[in-house]
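These protein sequence lines map, in sequence, to chains A and B.
Under our numbering, the first residue of the first sequence carries the number 15, and numbering increases by one thereafter.
Under our numbering, the first residue of the second sequence carries the number -3, and numbering increases by one thereafter.
Virtual Cβ for every residue (Gly too), placed ideally from N, Cα, C.
Reviewing the structure listed below.
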Amino acid sequence: MENNNYMETWKKSCVRIGSPTNILAAVTAFIPVIYLCTVYDCWPSAQLILSAWALTAIAFGAFYIVEPVSYYASLGMSGTYLSFLSGNIGNMRVPCASLALDVTESEAGTIQAEVVSTMAICGSIITNLIATTAAAFVGTAIVSVLPAVVTDGLKLYASAAIFGATFGNFALKKPKIAIFGILIPVVCKLIGTLPAWLTILLTVFGTVLIGRLFYVVESKKAAKA
Amino acid sequence: MDYLQISNLPIMWVLCSFTVIIAALQALLFIRTANKATKECNINPEIPKQAFRIGLVSAIGPALGVFIVMVGLMSAIGGPMSWLRLSIIGAAPTELAAATNGATAAGVTLGGEGYTLEILAVSWFAMALNGAGWLLVTGVATPSLEKLREKLSGGDSHWLGVMSAACSIGIFGYLNINSIITKGFLNGGPAISNGNLIAVVAGAVCMMILGKFVTPKVPRLAEYSLGISMLFGIAAALLFA
């Protein structure tokens, strides 16, 4: 089948799988607390739940929208469903997907790119589920015998090292854009009082805008030459 | 029974497993769809296999980080709930913040005196409601995000490639700087985390050296470049921070 035609079929399948599973998981996550309240008859007042939720939403509420929007161009459709159900987006999903796209030399917007990033993200989800399930059963025993330097290293620096490595990979390919990808958040963070969601929006869309400027200028140059 | 005993009851594992199973099931369904697309579009079947392997292997490092953090979280909110929460959206600090907000709203501390079953329930509600935010937004609005991307790309596949790369550069630029700069001028800074600075720079430099000089000669190594760079970044941070 022609690849371009298949893209519509692919997108439809993504929505058919992703939408119900993400919504269903939002619902099933309440099963334990409903059981707790019913069996032990400890229903808290709605007011108490709402005020706990309000405190949490002040800190994270903007991310519910800002993160899916900002990450979309990197994750694509299947990647968005998978990543926002399984989490660990910055430290696992995007790094794995972008490395896989790179190694397999898949071009953005093709069905191969969709398949490759989906498979890489699914692979990383399987690893993550194995890790959390193992932690549940043997975690305490294993951590107690690991040397502190190993647990500290993984706990403190694994994310930062992955963030840096993934950035380095992109910087190699788009060095000019990468300079701005660092400069914008440095300015935002040095100010110190901007909320995190605004810093993400400014950085991602600022960097995309810079990318657009370079792209337009270079296309014009190429057209003249 | 105290709250942790109840949180760790065998039945809680069963009740928490529904959500973990949905996450696994979703991944399996997407693998099946990807395999079907591979066949119908005549993609070399080795390519998706390689991609899957890259995801599986590259995630080992960060997953070990999750493993260790989860052991800590289990002592605060119990095993089953930690398992559920860290298998889906919301990293450990996010979940701890939501659970703590449950206690704060009731005027007590997490696991402290007066942390009754009723307040445990408030903590659990806060975590579930918070996670539902991302799940419902993506569950409902993802097709609209796709339309937005189509609009922004304007059907220009070259620009789509640049846009995706620029988006990732922005995301990781933010994640890097966010972990390095801890305080700005207007909130008592500037202050930075030396350890994270070293981890970011060492990870980036290692990846760039691998990508520029090593993997062009040894393509097989490309699959492991992220894992190697991560270990290098962690080791450098431990040695020099």
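Asked, Found
"The segment 140 to 173 of chain B: positions lying closer than 7 Å to chain A by Cβ", "L141, E142, R145, S153, W155, L156, G157, V158, M159, S160, A161, A162, C163, S164, I165, G166, I167, F168, G169, Y170, L171, N172 and I173"
"One or two residues paired with B/A232 in a DSSP bridge", "Answer by DSSP bridge pairing: none, since B/A232 is not bridged."
"Completely contained alpha helix (DSSP H) runs for the segment 73 to 124 of chain A, where each covers 4 or more residues", "108 to 117"
"Closer than 9 Å at the beta carbon, the chain A residues around B/K208", "L186"
"Element boundaries [alpha helix (DSSP H), containing B/I17]", "P6 to E36"
"First through last residue of the alpha helix (DSSP H) which encompasses A/T213", "A210 to K238"
"Backbone secondary structure at A/E16 - three-state DSSP", "Confidence is the limiting factor: at A/E16 the pLDDT is only 49, short of 50, which leaves the residue's position unreliable and the question unanswerable from this model."
"Backbone CA spacing between B/E91 and B/G199 [nearest angstrom]", "27 Å"
"Contacts that B/A16 makes with chain A (C-beta to C-beta distance below 9 Å)", "In the sequence as displayed, the identity of residue 16 of chain B is Val instead of Ala. Chain A residues near B/V16: L143, T146 and T147."
"Residues sharing a beta bridge with B/I224, DSSP", "DSSP output for B/I224 lists no bridge partner at all."
"Inter-residue CB distance, B/Q298 and A/L96 (contact presumed, cutoff 8 Å)", "Residue 298 of chain B cannot be examined here, being either before or after the span of chain B that is shown, -3 to 237."
"Interfacial residues, the segment 80 to 103 of chain B to chain A, with Cβ spacing under 8 Å", "L80, L82, S83, I84, I85, G86, A87, T90, A93, A94, N97, G98, T100, A101 and A102"
"Against chain A: residues of the segment 35 to 61 of chain B by CB proximity under 7 Å", "E36, C37, I39, I43, P44, Q46, A47, F48, R49, I50, G51, L52, S54, A55, I56, G57, P58, A59, L60 and G61"
"A/T146 and B/W79 closer than 7 Å at C-beta", "yes"
"Length of the line joining the Cα atoms of B/F14 and A/A43", "8 Å"
"Presumed contact (8 Å Cβ cut-off) between B/C202 and A/A179, rounded CB distance", "7 Å"
"Buried/exposed call for B/D152, threshold 16 Cβ in 10 Å", "exposed"
"Cutoff 7 Å: A/L113 Cβ touching any chain B Cβ", "yes"
"For B/T178, the first and last residue of its enclosing beta strand (DSSP E)", "I177 to K179"
"For A/I31: DSSP bridge partner residues", "Answer is none; A/I31 lacks a bridge partner."
"Exposure of B/E219, with buried meaning 16 or more beta-carbon neighbours within 10 Å", "buried"
"At least three beta-carbon pairs within less than 8 Å, the segment 64 to 80 of chain A to the segment 49 to 61 of chain B", "no"
"Nearest-angstrom Cα separation, counted from A/W67 out to A/A148", "30 Å"
"Among B/A99, B/A33, B/A231 and B/L206, nearest to B/A193 - alpha-carbon criterion", "Per the sequence shown, residue 193 of chain B should be read as Leu rather than Ala. That would be B/A231, whose Cα lies nearest to the Cα of B/L193."
"Where B/K147 falls, given that 16 or more other Cβ within 10 Å makes a residue buried", "exposed"
"Any 3 or more C-beta pairs closer than 8 Å across the segment 115 to 134 of chain B and the segment 98 to 111 of chain A", "yes"
"Where A/K190 falls, given that 16 or more other Cβ within 10 Å makes a residue buried", "exposed"
"Residue range of the alpha helix (DSSP H) that includes B/L106", "Unbroken run through B/L106: none, as it is neither H nor E."
"Nearest candidate by alpha-carbon position, reference B/V62, set B/P44, B/N190, B/P41 and B/G86", "B/G86"
"Spatial distance of B/V196 from A/I48 (CA atoms)", "42 Å"
"Proximal residues of chain A, C-beta to C-beta of B/A241 below 9 Å", "What the structure shows of chain B is the stretch from -3 to 237, and residue 241 of chain B is not part of that stretch, so it cannot be assessed."
"Cutoff 7 Å: A/G167 Cβ touching any chain B Cβ", "yes"
"Distance CB(B/S225)-CB(A/S112) smaller than 7 Å", "no"
"Residues that B/I188 bridges to, as DSSP identifies them", "B/I177"
"Contact under 7 Å by Cβ, B/N183 with A/G206", "yes"
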